[in-house]
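In the numbering used here, the protein residues as written are -16 to 407.
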């Protein structure tokens, strides 16, 4: 028994060790697999920025030199730009001085030339310039196209004379300046304002004061818009069409409405005034209308009045002049007015001049159109319906306007109701 006790103790210790090994093996078998962790970047790279992926701020011996170099480069660029601007200013100043010096030299040369030029130096005759430039031809056409209007024709000749003498002075080297050629035509309808404007445009073109010499007729509807921002484009478009010629604004007083401060016509007037001042070498603006209304319009727009140098008033035609205009229209249309028809037409004109809405030459044109129609009806009924002469019509019948053709117009006035006479 004493020998067995130590053996039991050893056996118990072995048994305990075996049980512990079995328990440890069981725990290891059922434990989760260990997760392998990669070392952090801080462990791999001691310089890694923990606040982002950007490179950490590190001290460099050249950093200060780089900053100073960048500042120097910016300063250098600023100095270069300032130097370029200074050179530009100096160059512009030198160019102005050079241009002024050249102008003074040209002026001195011209003075010396004028002093040394003999007084007997031929400048050419006025007739030579009138015919060579075609001005006389345009004046002759004006005389042929317009009956009467002696004051108007005289004013046109005066303007033409100024242009001719100005061109002769320029040929000799005298100082010249483009005169103000903007015009105002006042008078009743049908007194030839548009015709005179056309002739003036052609005269200006012949004398070299306009590039094209055409006439563009405009009214309020052509210049003034209906809403904000519409007036300026319309006015500028008409001005663009008229550049190099004449812009004739008929009934110009309708551009300004004194009763409406928001009227868009004021904008159109301001554009016209600016063009009349700054583009007078390439555009002539002519305004036309009744004299009393034009005077009121000029009182509202004094700037327009001051920019117009030629005011021409067109008087009404007399009855004899209107009869002469009718004969001129008949010749142009290749009609023959019989001698006994003229007194009838004269009576019609006398009666029509006393009625409202008389329009001088326009009324004559309307009367001639009605007389032609009456002649056609009379000839058609005579030869086509009645069959006279076998329906054969002579050339004289086709060209004839008889007294009966005008008598119809006169009867319409004499026999019509009072409220209908104005339509005769």
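Don't be surprised by glycine CBs; every beta carbon is placed ideally from N, CA and C.
Source: prediction; values computed, not measured.
- Residue 165 is classed as buried because its beta carbon has at least 16 other beta carbons within 10 Å across all chains shown.
- Taking the CA atoms as reference points, residue 223 sits about 22 Å from residue 239.
- Residue 174 carries a coil assignment under DSSP once its states are collapsed to helix, strand and coil.
- Looking at the DSSP output, residue 232 shares a beta bridge with 201, 270.
- Taken through DSSP and simplified to helix, strand or coil, residue 341 comes out as coil.
- By the CB criterion at 8 Å, residue 167 and residue 270 fall inside the cutoff.
- By the 16-neighbour rule on beta-carbons within 10 angstroms, residue 121 is buried.
- Contact annotation: the segment 169 to 182 touches the segment 340 to 353, with at least three C-beta pairs closer than 8 Å.
- In chain order, 295 place their CB closer than 6 Å to the CB of residue 138, counting only its own chain and leaving out the 5 sequence neighbours on each side.
- For residue 295, the enclosing beta strand (DSSP E) begins and ends at 293 to 297.
- Taking a cut-off of 8 Å for Cβ pairs, the segment 384 to 401 and the segment 345 to 359 touch, as three or more such pairs fall below it.
- Going by beta carbons, residue 384 and residue 330 fall outside the 8 Å limit.
- Cβ-Cβ separation between residue 195 and residue 228: approximately 5 Å, consistent with a contact (criterion under 8 Å).
- It is roughly 9 Å from the alpha-carbon of residue 338 to the alpha-carbon of residue 396.
- Taken through DSSP and simplified to helix, strand or coil, residue 166 comes out as strand.
- The beta carbon of residue 256 is closer than 6 Å to those of 286 in its chain, skipping five residues each way along the sequence.
- When the beta-carbon positions are compared, residue 118 and residue 147 come within less than 8 Å of each other.
- For residue 313, the enclosing alpha helix (DSSP H) begins and ends at 302 to 315.
- When DSSP states are grouped into helix, strand and coil, residue 384 belongs to the strand group.
- Between residue 225 and residue 207 a beta carbon distance of about 16 Å is seen, past the 8 Å cut, so the two are scored as non-contacting.
- Straight across, the Cα-Cα distance linking residue 205 with residue 247 is about 12 Å.
- Annotation for residue 261: the continuous alpha helix (DSSP H) segment containing it runs 248 to 261.
- Around the CB of residue 143, 16 or more other CB atoms lie within 10 Å, so the residue is classed as buried.
- Residue 272 sits away from residue 163, with the two beta carbons spaced by 8 Å or more.
- If the five residues before and after residue 252 are omitted, its C-beta is found closer than 8 Å to the C-beta atoms of 238, 239, 284, 287, all from its own chain and listed in chain order.
- Within the same chain, 130, 131 come within 6 Å of residue 304 by CB-CB distance, once the 5 residues on both sides are set aside.
- Here DSSP, grouped into helix, strand and coil, assigns residue 284 to coil.
- Non-local C-beta neighbours of residue 366 in its own chain, meaning closer than 6 Å and more than five positions away in sequence, comprise 374, 376, ordered along the chain.
- Going by DSSP, residue 368 is part of no alpha helix (DSSP H) at all; its letter is neither H nor E.
- Taking a C-beta distance under 8 Å as the contact criterion, residue 85 and residue 150 do not qualify as a contact pair.
- Annotation for residue 380: 362 place their beta carbon closer than 7 Å to its own, counting only its chain and skipping 5 residues before and after.
- Residue burial is scored here from C-beta neighbours: residue 67 has fewer than 16 other C-beta atoms within 10 angstroms and is therefore classed as exposed.
- In the DSSP assignment, residue 137 falls within the unbroken alpha helix (DSSP H) covering 133 to 155.
- When the alpha-carbon of residue 145 is set against those of 263, 159, 134, 76, the nearest one is in 159.
- In the DSSP assignment, residue 333 is bridged to no other residue.
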